[in-house]
Amino acid sequence: MEKYTSLSEIQGLIAQGATTLPDLLEHYFLRIKEYEHLNAFNEVFFLSAREQASAVQAKMSAGRAGKLAGMVIGIKDNICYKNHKVTASSRMLENFVSPYSATVVERLLAEDAVIIGRLNCDEFAMGGSNETSFFGPVRNAADEDRVAGGSSGGSAVAVQAGLCLAALGTDTGGSVRQPAAFCGNIGLKPTYGRISRYGVIAYASSFDQVGTITSSVDDAALLLEVLAGADAYDSTVSALPAGPYRQIREPETKRRIAVLKETIESEALDPEIRQAISNSIELLKNAGHTIDYVSFDLLDYLVPTYYILTTAESSSNLSRYDGVHYGYRNTEATSLNELYKRSRAEGFGEEVKKRIMLGTFVLSAGYYDAYYQKAQQVRRLIREKIDLVLSAYDFILCPVTPTPAFRIGENIKDPLVMYMEDIFTVLASLAGTPAIALPLGNNSDNLPLSVQFIAKHFDEGGLLSFSRHFLEITKQ
Ligand code: GLN
Numbered sequence: 017m018e019k020y021t022s023l024s025e026i027q028g029l030i031a032q033g034a035t036t037l038p039d040l041l042e043h044y045f046l047r048i049k050e051y052e053h054l055n056a057f058n059e060v061f062f063l064s065a066r067e068q069a070s071a072v073q074a075k076m077s078a079g080r081a082g083k084l085a086g087m088v089i090g091i092k093d094n095i096c097y098k099n100h101k102v103t104a105s106s107r108m109l110e111n112f113v114s115p116y117s118a119t120v121v122e123r124l125l126a127e128d129a130v131i132i133g134r135l136n137c138d139e140f141a142m143g144g145s146n147e148t149s150f151f152g153p154v155r156n157a158a159d160e161d162r163v164a165g166g167s168s169g170g171s172a173v174a175v176q177a178g179l180c181l182a183a184l185g186t187d188t189g190g191s192v193r194q195p196a197a198f199c200g201n202i203g204l205k206p207t208y209g210r211i212s213r214y215g216v217i218a219y220a221s222s223f224d225q226v227g228t229i230t231s232s233v234d235d236a237a238l239l240l241e242v243l244a245g246a247d248a249y250d251s252t253v254s255a256l257p258a259g260p261y262r263q264i265r266e267p268e269t270k271r272r273i274a275v276l277k278e279t280i281e282s283e284a285l286d287p288e289i290r291q292a293i294s295n296s297i298e299l300l301k302n303a304g305h306t307i308d309y310v311s312f313d314l315l316d317y318l319v320p321t322y323y324i325l326t327t328a329e330s331s332s333n334l335s336r337y338d339g340v341h342y343g344y345r346n347t348e349a350t351s352l353n354e355l356y357k358r359s360r361a362e363g364f365g366e367e368v369k370k371r372i373m374l375g376t377f378v379l380s381a382g383y384y385d386a387y388y389q390k391a392q393q394v395r396r397l398i399r400e401k402i403d404l405v406l407s408a409y410d411f412i413l414c415p416v417t418p419t420p421a422f423r424i425g426e427n428i429k430d431p432l433v434m435y436m437e438d439i440f441t442v443l444a445s446l447a448g449t450p451a452i453a454l455p456l457g458n459n460s461d462n463l464p465l466s467v468q469f470i471a472k473h474f475d476e477g478g479l480l481s482f483s484r485h486f487l488e489i490t491k492q
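If you're matching positions, the sequence shown starts at 17 in our numbering and goes up one per residue.
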């Protein structure tokens, strides 16, 4: 069976009468069944997706359909869709039905996308392998014994295996880019504040951002066009107008690119990733771009700073799951305190509990200054350093991940090993800049490799047009 890789291809087929949107949807349903063992979907929305597909088909036939007509898209299971379940892959929200839709869902539907289902992820988006999901790990379609990456692992595998055309994920410290990298997709994390988070289950609010996983740059650009922009329900969204991202083309002038020296030279970096990145750097030079190796001496501070700040924020965000307001409730407790304790002890998984406790610790009296406040100060230094580099260069180049997809079970027992996997992605999250993971072919075991580009705040237009050019010159 065929895998589609761009919306323009699908729209062409529908316009020629080679297929219809309802038929295309059935094609995806069949594929989802065929690849059920990958565990990418927490739920397939058969009913609402079929209704949406027929309604959009009618609009397409009448020539008055929206920009996303023909796009069958999956959403990470931490994004609310009215009258549908949303669980954050947690027992805590196992049976929770959302009473409203996230702004991103409203915007997808307003442009006639069909939402096919909700995708598995790490519990409350905390993880980098999709192994913390209450509903089990997602398997990488390139090697089913390996992880999909996380936390948006279901989103990445759904696109990788052609179970839908595109997917939404969320990226707090790499959760769109890292699974996209492990699965050979394109993963875009826009600037902090580019897309509304209204209706997105919060993990760490000064980091969380909705991102896209696609097989083509054009689809990433189109989705961003639809999703970005001010929202009266989320005051953190920028009022800057969203660009016509699809139309932006590379300028004649060549780009200046800073390669972060310590990331490429890092001992932790897999040699095949280093080689693939070096080859692509040669191709960029041949195409006339300027490449400079720039020192970034704060590399060792990234992971600690990220984990202090995100655990602190998550301990606050997750306090609402108390067995009273939302979701899971223990039914045997005989006092209010016991109800809180038992509901939270039983409703949350190990990783989430660990982070709530760590976060509560770093915020507690006597430790606040030493950890939380210090981490805020270091974050500022990191951001200033990145802004400085980006004042002299168009883009920063660095790896997405130190290794290709690792085996299921390999890292989950050791949180430090797992957290260190995030070293190259948390940089753009701490700085709030946009970043993209782009595929770089496969290694000798046929596992996808990737590279990351980081751009100035709100320069998604430049980042996307350059990404299209990069994939052309590296022929990905
Ligand atoms: N792996 C990182 C973490 O566990 C990133 C998660 C994310 O971006 N949601 O926090």
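Using N, Cα and C, we set each Cβ at its ideal position, and we do this for glycine too.
> What does a CB cutoff of less than 7 Å around residue 262 pick up in its chain, not counting 5 residues either side in sequence?
Replying inline: Answer for residue 262: 234, 237, 238 and 241, listed in chain order.
> DSSP three-state call for residue 84: helix, strand or coil?
Replying inline: Three-state result, residue 84: coil.
>> If contacts are defined as beta-carbon pairs under 8 Å, then residue 135 and residue 196 qualify, I think. What distance do you get, rounded to the angstrom?
In response: Contact between residue 135 and residue 196 is absent: CB atoms are separated by about 13 Å, not below the 8 Å threshold.
> Where do the N-terminal and C-terminal ends of the alpha helix (DSSP H) with residue 472 fall, by residue?
Replying inline: Counting along the chain, no alpha helix (DSSP H) covers residue 472, and no H or E run does either.
> If you compare alpha carbons, which of 64, 110 and 113 is closest to residue 89?
Replying inline: Of 64, 110 and 113, the residue nearest in Cα terms is 64.
> Is there at least one non-hydrogen atom of the ligand GLN closer than 7 Å to the beta-carbon of residue 218?
Replying inline: Because no heavy atom of the ligand GLN lies under 7 Å away, the Cβ of residue 218 does not count as near it: no.
>> Can you determine whether any heavy atom of the ligand GLN sits closer than 7 Å to the C-beta of residue 161, and answer yes or no?
In response: No, since every heavy atom of the ligand GLN falls outside the 7 Å radius drawn around the Cβ of residue 161.
> Should residue 167 be listed as close to the ligand GLN, given that the test is whether its C-beta is under 7 Å from any heavy atom?
Replying inline: Taking 7 Å as the cut-off, one finds at least one heavy atom of the ligand GLN near enough to the beta carbon of residue 167.
> How many Å lie between residue 248 and residue 214 at the Cα?
Replying inline: Rounded to whole angstroms, residue 248 to residue 214 spans 9 Å at the Cα level.
>> Between which residues of its own chain and residue 59 is the CB-CB distance below 7 Å, once the five residues before and five after are set aside?
In response: These residues qualify, in order along the chain: 101, 133 and 134.
>> Nearest by alpha-carbon distance to residue 41: which of 62, 165 and 54 is it?
In response: Minimum Cα-Cα distance from residue 41 among the listed residues 62, 165 and 54 corresponds to 62.
>> Considering only their Cβ atoms, is the gap separating residue 106 from residue 9 smaller than 8 Å?
In response: The first residue shown for the chain is 17 and the last is 492, placing residue 9 beyond what the model contains.
>> Checking 8 Å against the spacing of the C-beta atoms, do residue 342 and residue 362 come in under that value?
In response: For residue 342 and residue 362, no; Cβs fall outside 8 Å.
> Going by beta carbon distance, what residues of the same chain come within less than 6 Å of residue 19, once the five residues before and after it are set aside?
Replying inline: For residue 19, the CB contacts under 6 Å within the same chain, skipping 5 residues up- and downstream, are 178 in chain order.
> From residue 43 to residue 400, what distance separates their C-alpha atoms?
Replying inline: Each residue's Cα considered, the two are about 48 Å apart.
> Can we count residue 141 as close to the ligand GLN, meaning its CB is less than 7 Å from some heavy atom?
Replying inline: Correct: residue 141 has its Cβ closer than 7 Å to the ligand GLN.
>> Please classify residue 347 as buried or exposed, where buried requires at least 16 other C-beta atoms within 10 Å of its C-beta.
In response: Exposed: under 16 other Cβ atoms inside 10 Å.
> Is the Cβ-Cβ distance between residue 463 and residue 161 less than 8 Å?
Replying inline: Result no, Cβ atoms of residue 463 and residue 161 do not sit closer than 8 Å.
> How long is the line joining the alpha carbons of residue 444 and residue 153, rounded to whole angstroms?
Replying inline: Our two residues, residue 444 and residue 153, have alpha carbons roughly 26 Å apart in a direct line.
> Pick from 454, 175 and 439: whose alpha carbon is nearest that of residue 47?
Replying inline: Comparing Cα-Cα distances from residue 47 to each of 454, 175 and 439, the minimum goes to 175.
>> Which of the three DSSP states is assigned to residue 309 in this structure?
In response: Look at residue 309 here: in three-state DSSP terms it is strand.
> Between which two residues does the alpha helix (DSSP H) harbouring residue 355 extend?
Replying inline: Segment 352-363, the alpha helix (DSSP H) holding residue 355.
> How many angstroms separate the CA atom of residue 335 from the CA atom of residue 285?
Replying inline: One C-alpha to the other measures close to 37 Å.
>> Runs of 4 residues minimum, wholly inside the segment 237-294: which ones carry the alpha helix (DSSP H) assignment?
In response: Complete alpha helix (DSSP H) runs here, min 4: 277-281.
>> Can you tell me whether residue 155 sits near the ligand GDP, meaning its C-beta is under 7 Å from at least one heavy atom of the ligand?
In response: The ligand GDP is absent from the structure shown, which contains only the ligand GLN.
> Does the beta-carbon distance from residue 292 to residue 125 come in below 8 Å?
Replying inline: Not a contact, by the Cβ cut-off of 8 Å.
> Any heavy atom of the ligand GLN closer than 7 Å to the CB of residue 189?
Replying inline: Proximity of the beta carbon of residue 189 to the ligand GLN is indicated: a heavy atom of the ligand is located closer than 7 Å.
>> Using DSSP's beta-bridge definition, name the partner residues of residue 98.
In response: Note: residue 98 is not bridge-paired with any residue in the DSSP secondary-structure output.
>> Only counting the same chain, and skipping five residues up and downstream in sequence, which positions put a Cβ closer than 7 Å to that of residue 324?
In response: Same-chain partners within the cutoff: 378, 387, 388 and 391.
> Between which two residues does the beta strand (DSSP E) carrying residue 162 extend?
Replying inline: Run containing residue 162: 159-163, per the beta strand (DSSP E) assignment.
> For residue 223, which residues does DSSP report across the bridge?
Replying inline: In DSSP, residue 223 forms no bridge with anything.
>> Less than 7 Å separating the Cβ of residue 203 from some heavy atom of the ligand GLN?
In response: Outside the cutoff, so no.
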